[in-house]
Amino acid sequence: MGGPGEGRVLVVTPDAGDATDGGAEDTGEDPIQGWTRGEPGGDSTGDGRRLDADTEAVVGALEARLSATVVVRCRGTAIEYVDELGPTLDCVVVLGDDRTLVRTLVEDRSVPTVVFEPPFVETIEEGPTFEETVTELVARIRAEVTADKRTSELRESNARLTALSHYAEDITACETVDAVVRRTLEATTDALAYDYAVIYLVDGSRLVPRATTLPDDSVRSLDVDEGIAWRTLRTGDSEIVSDIQSEPDARPQSEDLHAGLSVPIDGRGVIQVASETTDAFDDSDREFVEILAGYTREALERIEREVTLRRERDRLHAFFDGLPAPAIYVERRDGDVRVEEVNAAYEEQFGRIETDRVLDEVAHDAEEVEQYEAALGTAGVSTGVVERPTAAGGVGTFALNVVSVSLPGDREGAYGIYVDPADDGSVPGYFG
97 MGGPGEGRVL
107 VVTPDAGDAT
117 DGGAEDTGED
127 PIQGWTRGEP
137 GGDSTGDGRR
147 LDADTEAVVG
157 ALEARLSATV
167 VVRCRGTAIE
177 YVDELGPTLD
187 CVVVLGDDRT
197 LVRTLVEDRS
207 VPTVVFEPPF
217 VETIEEGPTF
227 EETVTELVAR
237 IRAEVTADKR
247 TSELRESNAR
257 LTALSHYAED
267 ITACETVDAV
277 VRRTLEATTD
287 ALAYDYAVIY
297 LVDGSRLVPR
307 ATTLPDDSVR
317 SLDVDEGIAW
327 RTLRTGDSEI
337 VSDIQSEPDA
347 RPQSEDLHAG
357 LSVPIDGRGV
367 IQVASETTDA
377 FDDSDREFVE
387 ILAGYTREAL
397 ERIEREVTLR
407 RERDRLHAFF
417 DGLPAPAIYV
427 ERRDGDVRVE
437 EVNAAYEEQF
447 GRIETDRVLD
457 EVAHDAEEVE
467 QYEAALGTAG
477 VSTGVVERPT
487 AAGGVGTFAL
497 NVVSVSLPGD
507 REGAYGIYVD
517 PADDGSVPGY
527 FG
């Protein structure tokens with residue numbers, strides 16, 4: 097229970113247990129007709145019946161000290177009230193030793209329950225005073241509510257982590273940048289339950305919105321050093337803003353948005369979420385979005401690596417196709433080294449072969465296969481001399497250079513170039 101007007105405490109009075117609710121006029125304040133505390137200092141339950149003097153004192157003390165709405169119900173309507181409005185309650189206080197009622201409330205355990213049997217029914221020498229007992233009751237209520245909120249927060253955190261983990265594999269497995277930002281946005285709204293979010297990515301000297309829950313025409317690109325997004329990207333630190341409307345560097349996309357959270361995706365972009373209320377985000381929100389940003393960063397890094405490798409492979413293929421020496425490209429798949437492609441010079445020198453054949457079936461001997469094995473997966477070059485039957489007949493001697501290449505994932509590939517030592521175009525001329 098925080099500031100004024102926050103929280104609701106139900107006080108169950110055994111004193112009123114023998115009274116009946118039939119015929120009492122509904123005050124309209126609660127959906128279940130019962131005993132509702134009136135203004136502090138009053139003596140009416142709101143339906144024409146008076147509270148017991150001791151009960152009234154306890155209720156008045158709770159109202160004064162807890163800054164919460166205190167609702168009073170007799171035992172006959174308390175369980176029904178909890179069943180219907182339990183989620184709106186912070187705590188239930190049972191006055192007196194009503195074990196049947198307490199057992200029912202504890203078994204349900206949807207709301208913290210405190211039992212209070214005040215020692216002021218009769219005078220007890222040197223016993224606790226009313227002030228002491230009420231102070232203890234208030235402290236117990238606060239402790240129970242705090243513990244319940246911590247449990248609820250832990251439960252919510254676990255639920256969000258579980259939901260977020262379902263997106264981890266999806267995001268990191270995306271094949272395109274567009275797919276990554278779409279899945280990141282879905283995780284922001286579905287797993288983390290944020291209503292307003294924008295995913296920016298760096299494009300040259302600008303931050304460009306690539307996915308958003310806001311109307312597309314309301315979100316624009318940000319020039320360098322413009323807005324909280326660029327500040328977040330530049331510092332590399334996440335930022336929680338209590339109200340973006342009053343933040344000098346902010347560029348609000350809507351007048352209805354206030355609290356903001358900005359988290360960098362390494363140096364590649366920014367995830368921003370917003371709320372219609374102020375001070376809506378805390379360190380827990382920051383940590384969750386940082387976890388999501390980590391998934392996004394990993395996916396973008398992998399795609400960047402694959403693009404680089406693809407460009408390198410395209411360059412090598414162009415070199416491969418135009419190479420005057422016989423050349424073959426192989427990959428290891430499912431444990432076997434298989435022929436993926438040969439160039440025109442290879443077919444002219446050794447004859448046409450079908451692709452996807454196991455290298456063992458194409459190579460002349462085991463030594464040739466071992467030379468490929470020596471290079472695959474090492475990112476290096478293996479050199480040697482092999483003998484091979486030629487298309488013209490007979491067996492020729494060739495210098496074999498096997499060049500390993502990096503491929504996405506766990507794949508391994510290599511180019512094998514066969515050079516006739518009698519030719520002027522020796523292997524060093526092709527790679528040196």
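The sequence shown lines up with residues 97 to 528 when you count with this note's numbering. C-beta: ideal position from N, C-alpha, C; glycine also.
Item, Value
"Assuming T392 contacts I424 under a Cβ cut-off of 8 Å, what Cβ separation, rounded to an integer in Å, is found between them?", "Actually they are not in contact, since the Cβ atoms of T392 and I424 sit about 39 Å apart, beyond 8 Å."
"Could you check how far apart the C-beta atoms of I267 and L281 are, in whole angstroms? I think they sit under 8 Å.", "Contact doesn't hold; Cβ gap of about 10 Å is too wide."
"In three-state DSSP terms, what is F415?", "helix"
"Among L288, R246 and T284, which one has its Cα closest to the Cα of A255?", "L288"
"Using the C-alpha atoms, what's the distance from V435 back to Y514?", "15 Å"
"Run through DSSP, which three-state label would R256 get?", "helix"
"Is it a yes or a no for the stretch 393-404 touching the stretch 446-458, going by three-plus beta-carbon pairs under 8 Å?", "no"
"Using alpha carbons as the reference points, say which of L257, V498, T309 and E469 lies closest to E422.", "Checking the sequence shown, residue 422 turns out to be Pro, not Glu. Out of L257, V498, T309 and E469, V498 has the C-alpha closest to the C-alpha of P422."
"What does the alpha-carbon distance come out to for the pair G512 and A487?", "18 Å"
"DSSP on Y290, reduced to helix/strand/coil?", "coil"
"Report yes or no: do the stretch 312-323 and the stretch 370-383 share at least 3 C-beta pairs separated by less than 8 Å?", "no"
"For the stretch 300-307 against the stretch 399-415, do three or more pairs of beta-carbon atoms, one drawn from each stretch, fall closer than 8 Å, so that the two count as touching?", "no"
"Hey, how far is the Cα of P517 from the Cα of R364?", "50 Å"
"Tell me, please, whether the stretch 439-451 touches the stretch 462-474 by the rule of three or more beta-carbon pairs shorter than 8 Å.", "no"
"With 16 other CB atoms within 10 Å as the buried threshold, where does T141 fall?", "For T141, the predicted model reports a pLDDT of 40, less than 50, meaning its position is unreliable; a value from the coordinates is still stated below. When all chains shown are included, T141 counts as buried."
"Output yes or no for whether 9 Å exceeds the beta carbon distance between Q368 and A307.", "no"
"Over what stretch of residues does the beta strand (DSSP E) that includes A370 continue unbroken?", "G365 to A370"
"Starting from I513, follow its DSSP beta bridges and name the residues at the other end.", "A423 and N497"
"Hey, how far is the Cα of S317 from the Cα of D352?", "20 Å"
"Which residue's Cα is closest to the Cα of E454: V501, V477 and D430?", "Sequence inspection shows Val at residue 454; the Glu mentioned does not correspond to that position. It is D430 whose Cα lies nearest to the Cα of V454."
"By the DSSP assignment, the alpha helix (DSSP H) with G172 in it spans what residues?", "R171 to L181"
"Suppose you measure from the CA of A440 to the CA of E383; what does that come to, to the nearest Å?", "56 Å"
"What residue from L310, E203, A269 and D313 has the CA that sits closest to E402's CA?", "A269"
"Whose CA, out of G476, E386 and Q341, lies closest to the CA of S371?", "Q341"
"Determine the direct distance from the alpha carbon of V276 to that of D452, and round the result to whole angstroms.", "33 Å"
"Between V481 and A495, how many whole angstroms is the CB-CB distance? I'm expecting something under 8 Å.", "6 Å"
"Taking the alpha-carbon positions, what's the A157 to T196 distance?", "26 Å"
"For G473 and R278, I'd like the C-alpha separation in whole angstroms.", "34 Å"
"Roughly how far, in whole angstroms, is the beta-carbon of V189 from the beta-carbon of V105, given that I think they are within contact range, below 8 Å?", "6 Å"
"Using a threshold of 9 Å, state whether the C-beta atoms of E335 and S350 are closer than that.", "no"
"I need the boundaries of the beta strand (DSSP E) containing V210, first residue and last residue.", "T209 to F212"
"What does DSSP give as the partner residues of I267 in its beta bridges?", "According to DSSP, I267 bridges with nothing at all."
"Could you please give the first and the last residue of the uninterrupted beta strand (DSSP E) stretch that includes G323?", "Here G323 belongs to no beta strand (DSSP E); instead the alpha helix (DSSP H) covers G323 to T331."
"When you compare only the Cα positions, how much space is there between S500 and E427?", "10 Å"
"Kindly list the residues whose CB is nearer than 7 Å to the CB of V198, restricted to its own chain and excluding five residues on each side of it in sequence; keep chain order.", "V190, T209 and V211"
"Ends of the alpha helix (DSSP H) at E443?", "A440 to F446"
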